[in-house]
Amino acid sequence: MERQEARLAWLLVLPALTIIVVIALFPLLWALWESFHVHDLRMPWRGQPWIGLANYVEALTEARFWEAAGHTVLFTVASVTLELTLGLALALVLHRSYRGRGVVRAAALVPWAMPTVVAALVWRFLFESPLGVVNALATELGLMEQPFVWFIHATAAWVPLVLADVWKTTPFVALLLLAGLQNIDTTLYEAARIDGASPWRQFLHVTLPLLRPALLVALIFRTLDAVRVFDLVYVLTGGGPGTATEPLALYTFHVLFQRLRFGYGAALSVMIFLLTFAFALVYIRVLGKDLVRTSA
Amino acid sequence: MNAQRRYGLLAAVGVFLVVTLFPVYWAIVASFTPETRLFAAPSLLPTEIVRDHYYALFAERDFWTPIRNSLVVAGTTTLFCVTVGALCAYALARLRFRWKVPILGLILAVTMFPQISLVPPLYLLLRAFHLINTYPGLIFPYVTFAMPLTVWLLVGFFRQLPHELEEAAMVDGAGRLRMLWEIILPLAMPGVATTAILTFVYCWNEFLFAFTFTLGPERYTAPVAIALFRGQYQVSWGQVLAAAVIATAPVTLLILLFQQRIVQGLTAGAVKG
Amino acid sequence: MRTAILYTLAATALTIAACSGQAPHGVIISFPASAVGAEADVLQRQLSRFMQNHPDIQVVQRKTPDAADQRRQLYVQWLNAGASDPDILQLDVIWTPEFAAAGWILSLDPFAPKVEDFFPATVAANRWQGKLYALPWFVDVGMLYWRTDVLDHPPDSFADLSRQTAEVRNRDGLSFGFVWQGARYEGLVTVFLEHLGGFGGRILDEAGHVVVDSSPAISALTYMRDSIYRDEVVPASVLTWQEEQTRFAFQNGQAALMRNWPYAATLLQNHNESRVAGKFAVASMPATPAGSPTAALGGSQLAINANSDHPQAAYAVIAYLTQPEQMLERARLVGQYPSRPALYASEALANALAVSPVQVRRIIEHAVPRPVTPVYAELSEILQIHLHRALTRQQEPAEALADAARAMRKLLTNVDLTQEKEQGRSQEE
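Residue numbers (this note's numbering), protein chains in the order written: chain Y, 1 to 296; chain A, 1001 to 1273; chain C, 2001 to 2429.
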């Protein structure tokens, strides 16, 4: 019986696995291979000699790499924290019954439905100086005397960046958590209420634990995306001022397509992969041990 | 719910709606504003409304084709991902076999590379198979990178369903696959609908692959067409925003249609009984 | 019987018609065409004429992005994969040495084009290792646009510029004095180049050594920074602006002076949309006594894909598009400047351009090219980052330029271009 089950399982898994392996594995292995070689398109006469870990050493000794890594971690932590918190709040609100909630739900998802480059453009306009809406409003309300040029200050430039990302992807998290909320058996809440638990305690002891699988998935995928963020930054700040908002993926883009250094760029990609992998490992260790264990 | 809580909730919803929709509102207003006014003084309420940008989109530039292409690619990818992904997820969630963890890990690992790094090798691969500027040339990469999300989401949703379901059905003598089709899927419909929407939107808005793996307007998707409204120096901002409004519309409609499904809870009686 | 004859005749006629309706024999050249606007129209027109003159060559337009960075990204993908189309490539002036070194474009020397008919600087920018790799299609130069209704004459020196803009802003209430492109991109390097030349500095000296940390360069960058924060001649927003934002600022009447490329002139003359139509003129950028008025040299070049199956036909297209009549048509319809000096004496050009050809020619002849090297993109990136840091006050100009120079020198030493010279020599043997 178990052998049969295992065979059926393989049959079901194989289509998905095959496609992924055929299409995704090639680029990954290619990148790994390239990362151990010199491959500078500008100088084909150098060939593509093996240089072992030299590309990785170059990255690790390059100040700009560490700055970019720092920016990436900062961005990831800030946006994922905000998105998870706000997403959960939003899911709870959407979960309730009230009139017109269908429309509210659809409206809530519109930011997610907008193409990233367009969302980035819109947020750029909003924070433009001197005539962007944010500046106009702030000066109108007396919060500032003069329009503030957001994008030329190393710290201030992060504000529109994080806000745009949170605005855009909180609906994704909310939707995920909402589906998770739907699956929680309402009788559990009744039981808790009968036991005298306040709404907050119900939330802590009924909702959160049962939401853990959904939270884990949301956390993993949002982190994956945040660590690899590219489009948003490219359009919104271009990595500027200077390189103050440049994340790793944008640095990699410059290396690949400006400097045409495919070998070094591949090494950077592998390092981004390792960073993401580290994050995922931590999450699974802390949050999701039982999620991936074989079911009883 | 008492009155105070109700008002609190409505206020929260109100604030949320304003914050969420303001940028969208602004984009819509801007898409009806003449080009030069866009960079002059902005105003919250439109002072001048023109339909030039929308007209230009369809009369001067054929915007129907990119929309069609986006629909085909995103639709096919979603259907494929949800179908194949559901099979895979069911096995990973409910069947017993040894390689679950490595497989889940592998599926996830595939999405850990930055997209930009995948472009050069994927281009070479697709070119070798003559898939550049074709629908499959986009669908295959999209499936590969959307599938992890699909599988992981569905695994989560399938796991949440009670085990008694399957035991009951097995006692009745139903085969595994029939069980999947007739019992599991309908009950997991909220999860499946959610997964479908998220996958569809992901594909609809994808830019980098679509930009690199297509060669001309006949296969450009909507985001690529929008990005190409740029001249050497000039950007037709009005048209870009109009196109964005139009590009966001089908997805919004889809969401409106699907959101009913998403929030169907477990109907009473199917399980507890 | 008659039916049979008629039938046969009809069939024969149809067959002949079908045969002549087949794809024309001869070569098919694909050309990366403008996707947008007047440029697309002009190109379409000129290519149709070419095909009428050359019935054995069919030119297929492949719409490519006009935006330089997007186009470059696609070119890199295609050429790296060894694609044989598009047969012709439209290159930004700074890409030629890079594409030539990478082996992606063909040397045009075998076709013996008459290079003396083009501006020398544009030809020099298209040479790598002594060989010509592209023909200049049209020329772009950085120019100073000034408001004739608020200023008597354009400023000759930077000191003049500061003084005049201060007066004008007090008197006429303009929001901005002088606007230029200061976002962190290639445009910033061209703007810096123009200020640099005005102070007497250079990026590389004649021997190819990096001198961007010299004292004229520091003065130029310091001037640029002070003009924003201390003198408030230039608004801080320019540090996020590219060409279009500066054009709109000038076009809406908010600025007295603008530095921009020629394309803006045509748009500024549009009476329906521009508030400064008929109220502006063009001049060279200002300078100090230590330097001279400098314009950054830009423009587009046409090259042949090294993997093209039909280089001869491709060259025929390129040669046609760079002929005087085609250049004049472009000038008339799109406002782009021809790359042939002889045309600047013609009346046709005077009628076509919104600006005096004599003046434009003078500006072009004093235009300064950016360093001609395959690693220019990386040099530029280093410079952009450090310039932007200095201008956003993250670093002092002297420090920023010192860092930039150091990185640039390190790059030029690490980049082993000597082997290319060996290879180039052996190819000539």
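Cβ atoms here follow ideal geometry from the backbone N, Cα and C, with glycine treated the same way.
Cβ-based contacts, 9 Å cut-off: residues of the stretch 1229-1248 of chain A near chain C:
Phe-1229, Arg-1230, Gly-1231, Gln-1232, Tyr-1233, Gln-1234, Val-1235, Ser-1236 and Trp-1237
Output yes if chain C places a C-beta closer than 7 Å to the C-beta of Ser-129/Y; else output no.
In the first sequence, the residue the question calls residue 129/Y occupies position 129. By this cut-off, Ser-129/Y is an interface position.
Whose C-beta lies closer than 8 Å to the C-beta of Ala-1027/A among residues of the same chain, with five residues either side of it excluded?
Here residue 1027/A corresponds to residue number 27 of the second sequence, with the count starting at 1. Leu-1241, Ala-1244 and Val-1245.
Counting only Cβ pairs nearer than 8 Å, list the residues of chain B close to Trp-1026/A.
Of the protein chains in the structure, Y, A and C, none is chain B.
In three-state terms, what does DSSP make of Val-134/Y?
The sequence position of residue 134/Y within the first sequence is 134, counting from 1. Three-state DSSP puts Val-134/Y in a helix.
Close beta carbons around Val-2415/C, own chain, < 7 Å, minus the five adjacent residues each side
Within the third sequence, the letter at position 415 stands for residue 2415/C. So the qualifying residues of the chain are Val-2375.
For Glu-2039/C and Val-2334/C, which I take to be in contact (beta-carbon distance under 8 Å), what is that distance rounded to the nearest angstrom?
Within the third sequence, numbered from 1, the residue matching residue 2039/C stands at position 39. Within the third sequence, numbered from 1, the residue matching residue 2334/C stands at position 334. So it is a contact: roughly 5 Å between Cβ atoms.
May I have the straight-line CA-CA distance separating Phe-2192/C from Pro-2216/C, to the nearest angstrom?
Taking the first residue of the third sequence as position 1, residue 2192/C is located at position 192. Taking the first residue of the third sequence as position 1, residue 2216/C is located at position 216. Spanning the two alpha carbons is a distance of roughly 12 Å.
Could you check the C-alpha separation between Lys-2421/C and Ala-2083/C for me, to the nearest Å?
Counted from its first residue, the third sequence places residue 2421/C at position 421. Counted from its first residue, the third sequence places residue 2083/C at position 83. With a pLDDT of only 48 at Lys-2421/C, under 50, the local geometry of the prediction cannot be trusted, and the value read off the model is given with reservation. Cα to Cα, the separation comes out at about 26 Å.
Would you tell me roughly how many angstroms separate the C-alpha atoms of Pro-1141/A and Ile-23/Y, rounded to the nearest one?
The count along the second sequence starts at 1 and reaches residue 1141/A at position 141. The count along the first sequence starts at 1 and reaches residue 23/Y at position 23. C-alpha separation (whole angstroms): 7 Å.
What does the Cβ neighbour count give for Gly-2208/C, buried or exposed, with the cut at 16 atoms within 10 Å?
For this step, residue 2208/C is matched to residue 208 along the third sequence. When all chains shown are included, Gly-2208/C counts as exposed.
Give, in chain order, every residue of the stretch 1205-1229 of chain A whose Cβ lies closer than 8 Å to some Cβ of chain C.
Phe-1211, Thr-1212, Leu-1215, Gly-1216, Pro-1217, Ala-1227, Leu-1228 and Phe-1229
Could you tell me how far apart the beta carbons of Leu-1257/A and Phe-1200/A are, in whole angstroms, since I believe they sit closer than 8 Å?
Residue 1257/A sits at position 257 when you count from the first residue of the second sequence. Residue 1200/A sits at position 200 when you count from the first residue of the second sequence. Wrong, their Cβ atoms sit about 11 Å apart, outside the cutoff.
Closest to Leu-216/Y by C-alpha separation, out of Asp-40/Y, Leu-281/Y, Ile-152/Y and Trp-200/Y, would be which residue?
Within the first sequence, numbered from 1, the residue matching residue 216/Y stands at position 216. Closest option to Leu-216/Y, Cα to Cα, is Leu-281/Y.
Asp-2140/C - partner residues in DSSP beta bridges:
The residue labelled residue 2140/C in the question sits at position 140 within the third sequence. Paired residue(s): Gly-2298/C.
Is the shortest distance between the beta-carbon of Tyr-1123/A and the beta-carbons of chain C less than 7 Å?
Counting from 1 along the second sequence, the entry for residue 1123/A is found at position 123. So, interface residue.
Asn-2260/C, DSSP secondary structure in three states:
Here residue 2260/C refers to the residue found at position 260 when the third sequence is read from its first residue. Asn-2260/C falls in the strand class under three-state DSSP.
Mapping the DSSP letters down to three states, classify Asp-2069/C as helix, strand or coil.
Position 69 of the third sequence holds residue 2069/C. In the structure shown, Asp-2069/C sits in a helix (DSSP, three-state: H, G or I).
According to the neighbour-count rule (16 or more other Cβ atoms, all chains shown, within 10 Å of its Cβ), is Gln-1234/A buried or exposed?
The residue given as residue 1234/A occupies position 234 in the second sequence. Flag for Gln-1234/A reads buried.
Under the assumption that Asp-2231/C contacts Ser-2162/C (Cβ atoms under 8 Å), give the Cβ distance between them as a whole number of angstroms.
Counted from its first residue, the third sequence places residue 2231/C at position 231. Counted from its first residue, the third sequence places residue 2162/C at position 162. Indeed they touch by this definition, with Cβ atoms about 5 Å apart.
Inspect the beta-carbon positions of Leu-210/Y and Ile-184/Y and report whether they are closer than 7 Å.
To locate residue 210/Y, count along the first sequence from 1; it is residue 210. To locate residue 184/Y, count along the first sequence from 1; it is residue 184. Taking 7 Å as the Cβ cut-off, Leu-210/Y and Ile-184/Y qualify as a contacting pair.
Tell me which residues of the stretch 1064-1094 of chain A have at least one Cβ-Cβ distance to chain Y shorter than 8 Å, keeping chain order.
Val-1084, Gly-1085, Leu-1087, Cys-1088, Tyr-1090, Ala-1091, Leu-1092, Ala-1093 and Arg-1094
Could you tell me which residues DSSP pairs with Arg-2127/C in its beta bridges?
The residue labelled residue 2127/C in the question sits at position 127 within the third sequence. Partner(s): Leu-2132/C.
Reduced DSSP secondary structure (H/G/I, E/B, other) of Tyr-2185/C:
Within the third sequence, the letter at position 185 stands for residue 2185/C. It is coil, neither helix nor strand.
Is the beta carbon of Ala-266/Y closer than 7 Å to that of Ala-174/Y?
For the purposes of this step, residue 174/Y is identified with residue 174 of the first sequence, where counting begins at 1. For the purposes of this step, residue 266/Y is identified with residue 266 of the first sequence, where counting begins at 1. For Ala-174/Y and Ala-266/Y, no; Cβs fall outside 7 Å.
Taking the alpha-carbon positions, what's the Ala-2390/C to Arg-1068/A distance?
Taking the first residue of the third sequence as 1, we reach residue 2390/C at position 390. Taking the first residue of the second sequence as 1, we reach residue 1068/A at position 68. Looking at the two C-alpha atoms, the distance is approximately 47 Å.
Can you pull the DSSP bridge partners for Trp-2146/C?
Position 146 of the third sequence, counted from the start, is the residue given in the question as residue 2146/C. Beta-bridge pairing links Trp-2146/C to Leu-2257/C and Ala-2281/C.
So that I know if they touch, is there some Cβ in chain Y lying closer than 7 Å to that of Gly-1175/A?
Taking the second sequence and counting its residues from 1, one reaches residue 1175/A at position 175. Cβ-Cβ to chain Y under 7 Å: no for Gly-1175/A.
Whose Cβ in chain A lies nearer than 7 Å to the Cβ of Pro-147/Y?
One-based indexing of the first sequence puts residue 147/Y at position 147. Here the premise fails: no neighbours, minimum Cβ distance about 12 Å.
What do you get for Leu-29/Y, buried or exposed, if any count of 16 or more other CB atoms within 10 angstroms of its CB means buried?
Counting from one through the first sequence, the residue named residue 29/Y turns up at place 29. Exposed is the call here.
Sequence-distant residues of the same chain with beta carbon closer than 7 Å to Ala-164/Y, five excluded per side
Reading the first sequence from its first residue, position 164 is the one you call residue 164/Y. Hits under 7 Å: Ala-119, Ala-120, Trp-123, Leu-232 and Leu-236.
Between Cys-1203/A and Gln-2070/C, what straight-line distance do the alpha-carbon atoms span, to the nearest angstrom?
Along the second sequence, one-based indexing puts residue 1203/A at 203. Along the third sequence, one-based indexing puts residue 2070/C at 70. Cα to Cα, the separation comes out at about 21 Å.
Does DSSP classify Ser-2084/C as helix, strand or coil?
Locating residue 2084/C in the third sequence gives position 84, counting from the first residue. Ser-2084/C: coil per DSSP, three-state reduction.
Taking Cβ to Cβ, would you say Met-2258/C is nearer than 7 Å to Tyr-2337/C?
Taking the third sequence and counting its residues from 1, the one referred to as residue 2258/C is at position 258. Taking the third sequence and counting its residues from 1, the one referred to as residue 2337/C is at position 337. Contact: no.
Nearest CA to the CA of Arg-42/Y: which residue from Phe-257/Y, Asp-195/Y and Ile-152/Y?
Residue 42/Y sits at position 42 when you count from the first residue of the first sequence. The shortest Cα separation from Arg-42/Y among Phe-257/Y, Asp-195/Y and Ile-152/Y belongs to Phe-257/Y.
Quick one, which of Thr-72/Y, Trp-33/Y, Val-73/Y and Phe-125/Y has its alpha-carbon nearest Tyr-307/Y's?
The structure shown does not extend to residue 307/Y, since chain Y is modelled only from 1 through 296, so no value can be given for it.
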